[in-house]
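Numbering (the numbering used here), first residue to last: 926 to 1184.
Okay, structure coming up:
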């Protein structure tokens, strides 16, 4: 395993991806790709979850108080998400998708920054859902968070205007079943890639942490880009410890100039 801690060396390493257009790449992103865009890691010490415990799914269903608490938290998070902009690492992934190298991007993030970076929807898998909008738990209709802020401020949890069902942020809550179709697609993608990139993820949250293990099982090369040590570092061919946005700053510019 090669450990890279020099920013110059890290930039050189990732730039090499553009030199091999035959590579088939799958990536997994976690909170670490968005912290440099101003979104805090909610799991880390001092984060929102250490100050306000997440609302369990069953509590959301059973208790109006829990529903209002969850909605209040979504608005708090929305303030971060609204201000945040995609950084160079988000844009680099979009660029790799445009060149055809990045076949699939699996994200644990719920902030919508990959979409904001223009990443193709048909190659993006959000295994933890998306917290930037809501959906009806009964009919599945989409609802915008801002449309229901007044209701929450008045002490009423939002209801679907179409069927009257409970509205909930479209994120997978604790105790809620993971999306089976998305998980199946994510694991299927790991079976046919040459390189698996784990970016900004601690690789301790399952089932996402099993994706790189599965990729290695199918003989993919694992590259981990994360500021801290992960439990899977020993499986990686290369581990990069430099900040993601700085590492991918200017990524592909030379390539673009040659087009």
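Beta carbons: idealized from backbone N, C-alpha and C, even for Gly.
Your pair residue 1070 and residue 1091 does not check out as a contact, with CB atoms roughly 14 Å apart and the cut at 8 Å. Within the same chain, and ignoring the five residues on either side of residue 1173 in sequence, the residues whose Cβ sits closer than 7 Å to its Cβ are 939, 1013, 1014, 1017. One alpha carbon belongs to residue 1162, the other to residue 1031, and they sit about 20 Å apart. For residue 937, the enclosing alpha helix (DSSP H) covers residues 932-940. For the alpha helix (DSSP H) assignment, the uninterrupted runs of no fewer than 4 residues enclosed by the stretch 973-1057 are, from N- to C-terminal side, 973-976, 982-987, 989-1008, 1013-1023, 1038-1041. Secondary structure at residue 1155: coil, using DSSP grouped into helix, strand and coil. Annotation note: the stretch 1118-1169 contains the following uninterrupted alpha helix (DSSP H) runs of length 4 or greater, listed N- to C-terminal: 1135-1142. The beta carbons of residue 1039 and residue 1027 sit no closer together than 8 Å. Counting only the Cα atoms, residue 1057 lies some 7 Å from residue 1037. Cβ contact annotation for residue 1021 (same chain, cutoff 6 Å, sequence separation greater than five): 1027, in chain order. The beta carbons of residue 1085 and residue 1064 sit about 6 Å from each other, so the pair counts as a contact at 8 Å. Residues of the same chain with a CB within less than 7 Å of the CB of residue 1055, apart from the 5 flanking positions on each side, are 1035, 1037, 1095, 1096 in chain order.
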